[in-house]
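Contents: one structure, followed by commentary.
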Amino acid sequence: MRRPDPPSLVAGAVIAALGGLLLTERLDAVELSFGLLVPICLATVGVVLLISGLTRRG
Amino acid sequence: MESHDDQNPTTPEPGDPPRVDEQPPITEPPTTAEQPAAATAAPPTTDPARRLFRSREDRAIAGVCGGLAAYFRIDPVIVRIAAVALVFAGGAGLLLYLAAMLLVPAEGTSSAQREGLTGRALTIGGVVALVVATLVLLPGTGSDWWWGGPFVFLAVVALAALGVWRLVVGDAPRGSGAEIVRRLAIGVGVLALCGLLFVAAAWAGAFGGGIVVAAIVIAAGAGLIVGAFTGGARWLIAPALSIALGLAFVSAAGIDAGNGIGEREYRPQRAADVREAYELGAGQLIVDLRNADLPAGDHDLKIDIGMGEAVVLVPRDVCVASRARIGIGAVDVFARHDTGGVDIDWEELPTAPSGTARLVIDADVGLGVLAVAYERDRFANGGSGAFDDDPVRLAEEPGNDACQGSA
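Heads up: the protein sequence lines correspond to chains S and D, in order. Counting from 67, one number per residue, gives the positions in the first sequence under this note's numbering. Counting from 894, one number per residue, gives the positions in the second sequence under this note's numbering.
Shown next, in the form of C-alpha cells:
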C-alpha cells in the first residue's frame, strides 16, 4: 500500500473538522465567535505548516 | 599484460620527449590587439542551475541582499537601498528579509541541507501560528485579547509572505531572473485565487448557502485524506482553507444578507411606531428616536446588524440602558471610545427615575460599531478630519443625564 502523505492527511483531517464545526454552527447547534474561530483557524494553518516542516526535515 | 601509463606512472628522464598526456593542449589562436582576450572567451550562456544563495562574502547582516545582487547580477547597493525602503513600507522589507533568512540557503549549502532549511522554516512558521493561537485561547484572555490583534495580523502577513516566498524560491528556481519573476507571479496569482475563494465563500454564507459551503469544506478535507493515499492532493490545501476561512468569517460575524444590505434609516414619529427589532445584514442602520416621544417606563429595542454601523439617536430626556455583543468592533455610547476589541460583551444598565422613559437597547453586531448619541453632525463644523467622510457624525458629548444618579 502506498505510504500516505502526512501533510495531506493532517490537513484533510483538520479542514474536515473545521468544516464540521462550521456546519454545526450553520445548523444552530453551536455559536461561534471571533475569539474562538481566529485561534482555531490559526491553529489549523499552524498544524499544516508544522507537519509539512517536520515531514521535510524527516 | 597491457601497461597503462596512468596506472604506472614513470618518472621521465631528461631529454625524453614529452608524453602525449603531458603535451600542451591545443589552444585558441593568439589574440591580436584588434581581438581582445575577453572577446575570444566562450560566449556567456544561461546557467541552467543558477541558484539563489545568501552571500557569505558580500554580507551586511545575513547576506540576503548580496545574494540577490549576485543572482540578478546587479550592484548590491541597489538591492540594499530597495530593502531599506521596503522596511518603511509597512515593514514588508523586514518580513521578506526574515523569510529569506529562513528559506534561502547560505552559499555552499548542500542540497540535503537546503531541504532541511525549508523544513525548518515551515516548522518555525507552524510553531509561531500555534503559539499565537494558544496565547489567544488562554483562559483569562478570551475576550480581552485585542492586544493580540497586531500579533495575529503580523502572523497572517508573515504566513502569506512565507507562502509566496516558498513558491518563489522554495524549490530553488533555475535559470534567469525571469524564472523567479514567473514564480512570483504564480505566488501572487495563487494568493489572489485564494482571496477570491474567501470572498465567494463569505458571500455564499451570507446569502444562506452556509450549509452547502460547509459541506464543500468537509468534502475538500475528505478529498485531501483520500489524496494522501493516492498522491497529488496537496494543491487542495490552500483553496480548502480559503473557503473555510471565508465561511468562518461570516459565521463569527453573524452576517445574514437576508436582513438586507445598504443604508437604512428609521425615524418613528410616535412611540407606537417604534419597532421591537431593527435588523440589517451589512451596511449602516440608523434608528432616530428623537421624535418618538417615548412615555415613562422601559422600552426594549433590539438591534441586529451583521457588519457595519448601528446608530441610535435618542432624546435627551430618555435614560439609555444598553447591552451589546460585538464580534469585532466597538461600542460608542455617548462618546466613550475605549470599548473597542474582539468579542465584546458590553453591558450598562442604569436605572431611570420614576416618570422617566428608559430605552433598553439589546444589540448584536458581528463586525462594526454600535453608537448611541443625542445628536448628529454637531461637530461637523469643527472640521474633524478623521470623520469628514463619515455620513453619520455624532455629537462628541457625554450623556445619559436622564438616568438615576447621573451627574
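Ideal Cβ placement from N, Cα and C applies to all residues, glycine included. Everything numeric in this text was worked out from a predicted model, so none of it was measured.
Arginine 1127 (chain D) CB to nearest chain S CB: under 8 Å?
-> Looking up residue 1127 (chain D) in the second sequence gives position 234. It does: the Cβ of arginine 1127 (chain D) has a partner Cβ on chain S nearer than 8 Å.
If we ignore side chains and look at the alpha-carbon of each, how far apart do alanine 1126 (chain D) and arginine 92 (chain S) end up?
-> As a working note, residue 1126 (chain D) is residue 233 in the second sequence. As a working note, residue 92 (chain S) is residue 26 in the first sequence. Going by the C-alpha atoms only, they are around 27 Å apart.
Below 6 Å CB to CB, which residues in the same chain sit around aspartate 1197 (chain D) once its five sequence neighbours on both sides are set aside?
-> As a first step, residue 1197 (chain D) is located in the second sequence; it is residue number 304 there, counting from the start. The residues are Glu1172, Asp1257.
By DSSP, does glycine 78 (chain S) sit in helix, in strand, or in coil?
-> Taking the first sequence and counting its residues from 1, one reaches residue 78 (chain S) at position 12. Of the three classes helix, strand and coil, the one that applies to glycine 78 (chain S) here is helix, per DSSP.
Can you pull the chain S residues whose beta carbon is under 8 Å from the beta carbon of serine 1144 (chain D), in chain order?
-> For this step, residue 1144 (chain D) is matched to residue 251 along the second sequence. By Cβ distance, chain S contributes Leu88, Glu91, Arg92, Leu98, Leu103.
What are the boundary residues of the alpha helix (DSSP H) that includes leucine 98 (chain S)?
-> The residue given as residue 98 (chain S) occupies position 32 in the first sequence. Neither: leucine 98 (chain S) is in no alpha helix (DSSP H) and is coded neither H nor E.
Closest Cβ-Cβ distance between alanine 993 (chain D) and chain S: below 8 Å?
-> As a working note, residue 993 (chain D) is residue 100 in the second sequence. Cβ-Cβ to chain S under 8 Å: no for alanine 993 (chain D).
Proximity winner among D:Lys1195, D:Leu1090, D:Tyr1267, relative to aspartate 1181 (chain D) (alpha-carbon distances) = By 1-based counting over the second sequence, the position of residue 1181 (chain D) is 288. Of the listed residues, the one whose Cα sits closest to aspartate 1181 (chain D) is D:Tyr1267.
Which of the three DSSP states, helix, strand or coil, is assigned to isoleucine 1120 (chain D)?
-> Numbered from its first residue, the second sequence carries residue 1120 (chain D) at position 227. Checking the displayed sequence, the identity of residue 1120 (chain D) turns out to be glycine instead of isoleucine. The answer is helix: DSSP assigns glycine 1120 (chain D) an H, G or I state.
Comparing the C-beta of glycine 1261 (chain D) with each C-beta of chain S, is any distance below 8 Å?
-> Taking the first residue of the second sequence as position 1, residue 1261 (chain D) is located at position 368. Chain S, which has no Cβ nearer than 8 Å to the Cβ of glycine 1261 (chain D), makes this no.
With distances taken Cα to Cα, identify the nearest neighbour of arginine 1269 (chain D) among D:Phe1227, D:Thr1232, D:Asp1236, D:Arg1251.
-> The residue labelled residue 1269 (chain D) in the question sits at position 376 within the second sequence. Cα-wise, what sits closest to arginine 1269 (chain D) is D:Phe1227.
Residues bridged to methionine 1239 (chain D) (per DSSP) = Here residue 1239 (chain D) corresponds to residue number 346 of the second sequence, with the count starting at 1. The question names methionine, but residue 1239 (chain D) is tryptophan in the sequence shown. Note: tryptophan 1239 (chain D) sits in a beta bridge opposite D:Ala1217.
Spatial neighbours of alanine 1164 (chain D) in its chain, beta-carbon cut-off 8 Å, leaving aside the 5 residues before and after = Here residue 1164 (chain D) refers to the residue found at position 271 of the second sequence. The residues are Ala1185, Asp1186, Leu1187, Pro1188, His1192.
With 16 as the cutoff for other CB atoms within 10 Å, does glutamine 1297 (chain D) come out buried or exposed?
-> If you number the second sequence from 1, residue 1297 (chain D) lands on position 404. Result: exposed.
In angstroms with no decimal places, state the Cα-to-Cα distance between alanine 82 (chain S) and threonine 121 (chain S).
-> Position 16 of the first sequence holds residue 82 (chain S). Position 55 of the first sequence holds residue 121 (chain S). Going from the Cα of alanine 82 (chain S) to the Cα of threonine 121 (chain S) covers about 21 Å.
Exposed or buried, which one is glutamine 1162 (chain D) when buried takes at least 16 other CB atoms within 10 Å?
-> The sequence position of residue 1162 (chain D) within the second sequence is 269, counting from 1. Exposed, because fewer than 16 other Cβ atoms sit within 10 Å of the Cβ of glutamine 1162 (chain D).
Is glycine 1155 (chain D) near glycine 1176 (chain D), with beta carbons less than 8 Å apart?
-> Locating residue 1155 (chain D) in the second sequence gives position 262, where the first residue counts as 1. Locating residue 1176 (chain D) in the second sequence gives position 283, where the first residue counts as 1. Yes, the Cβ-Cβ distance between glycine 1155 (chain D) and glycine 1176 (chain D) is below 8 Å.
Would you give the residue range spanned by the alpha helix (DSSP H) that alanine 1245 (chain D) belongs to?
-> The residue given as residue 1245 (chain D) occupies position 352 in the second sequence. Segment: none, alanine 1245 (chain D) is in no alpha helix (DSSP H) and carries neither H nor E.
Which partner residues does isoleucine 1196 (chain D) have in the DSSP bridge list?
-> Taking the second sequence and counting its residues from 1, the one referred to as residue 1196 (chain D) is at position 303. Per DSSP, D:Tyr1171, D:Ala1256.
Which two residues bound the contiguous beta strand (DSSP E) that contains glycine 1155 (chain D)?
-> One-based indexing of the second sequence puts residue 1155 (chain D) at position 262. It spans 1154-1159 - the beta strand (DSSP E) in which glycine 1155 (chain D) sits, taken as one unbroken run.
Name the chain D residues that come within less than 7 Å of alanine 77 (chain S), Cβ to Cβ?
-> On the first sequence, position 11 is the one that residue 77 (chain S) refers to. Leu1117, Ile1130, listed in chain order.
Please classify proline 1246 (chain D): is it buried, with 16 or more other beta-carbons within 10 angstroms of its beta-carbon, or exposed?
-> The residue given as residue 1246 (chain D) occupies position 353 in the second sequence. So proline 1246 (chain D) ends up on the exposed side.
Can the beta-carbon of cysteine 958 (chain D) be found closer than 8 Å to that of arginine 944 (chain D)?
-> Position 65 of the second sequence, counted from the first residue, corresponds to residue 958 (chain D). Position 51 of the second sequence, counted from the first residue, corresponds to residue 944 (chain D). It is not a contact, given that the beta carbons lie outside the stated cut-off.
Using the beta-carbon of each residue, which ones in chain S are nearer than 7 Å to phenylalanine 1091 (chain D)?
-> For the purposes of this step, residue 1091 (chain D) is taken as the residue at position 198 of the second sequence. The premise fails here: phenylalanine 1091 (chain D) is roughly 11 Å from chain S at the closest Cβ pair, so nothing lies under 7 Å.
Spatial distance of alanine 1094 (chain D) from glycine 1153 (chain D) (CA atoms) = Along the second sequence, one-based indexing puts residue 1094 (chain D) at 201. Along the second sequence, one-based indexing puts residue 1153 (chain D) at 260. Cα-Cα distance, rounded: 18 Å.
What residue from D:Ala1107, D:Ala1099, D:Ala1133, D:Gly1116 has the CA that sits closest to cysteine 1087 (chain D)'s CA?
-> On the second sequence, residue 1087 (chain D) is found 194 positions in, with the first residue counted as 1. Considering only alpha carbons, the answer is D:Ala1133.
Note down, in chain order, each residue of its chain lying with its Cβ closer than 6 Å to the Cβ of glutamate 1158 (chain D), except the 5 sequence neighbours on either side.
-> For the purposes of this step, residue 1158 (chain D) is taken as residue 265 along the second sequence, with counting starting at 1. The residues are Ile1179.
If you follow the alpha helix (DSSP H) that glycine 959 (chain D) is part of, which residue opens it and which one closes it?
-> Taking the second sequence and counting its residues from 1, one reaches residue 959 (chain D) at position 66. Here the alpha helix (DSSP H) through glycine 959 (chain D) covers 957-965.
Are any of the Cβ atoms in chain D nearer than 8 Å to that of alanine 82 (chain S)?
-> As a first step, residue 82 (chain S) must be located in the first sequence, where it is residue number 16. Yes - at least one Cβ of chain D is within 8 Å of the one on alanine 82 (chain S).
Quick check: the region 1103-1123 of chain D against the region 95-104 of chain S, are there 3 or more CB pairs under 8 Å?
-> no
6 Å CB neighbourhood of valine 80 (chain S) in its chain, flanking five on each side removed | In the first sequence, residue 80 (chain S) corresponds to position 14, counting from 1. Within the same chain, valine 80 (chain S) has close Cβ partners Thr110, Val113.
What residue from D:Ser1144, D:Arg949, D:Pro1243 has the CA that sits closest to arginine 1216 (chain D)'s CA?
-> On the second sequence, residue 1216 (chain D) is found 323 positions in, with the first residue counted as 1. Looking at the Cα atoms, D:Pro1243 is the closest of the given residues.
Within 10 angstroms of its Cβ, does glutamate 1202 (chain D) collect 16 or more other Cβ (buried), or is it exposed?
-> Here residue 1202 (chain D) is taken as the residue at index 309 of the second sequence, counted from 1. When all chains shown are included, glutamate 1202 (chain D) counts as buried.
Interface flag, alanine 1137 (chain D) vs chain S, CB-CB below 8 Å = Numbered from its first residue, the second sequence carries residue 1137 (chain D) at position 244. It does; some Cβ of chain S falls within 8 Å.
Can you name the residues of chain S whose CB is closer than 7 Å to the CB of aspartate 1236 (chain D)?
-> By 1-based counting over the second sequence, the position of residue 1236 (chain D) is 343. Near aspartate 1236 (chain D) (Cβ distances below 7 Å), the residues of chain S are Ser99, Phe100, Gly101.
Could you have a look at cysteine 107 (chain S) and say whether DSSP puts it in helix, strand or coil?
-> The count along the first sequence starts at 1 and reaches residue 107 (chain S) at position 41. In the structure shown, cysteine 107 (chain S) sits in a helix (DSSP, three-state: H, G or I).
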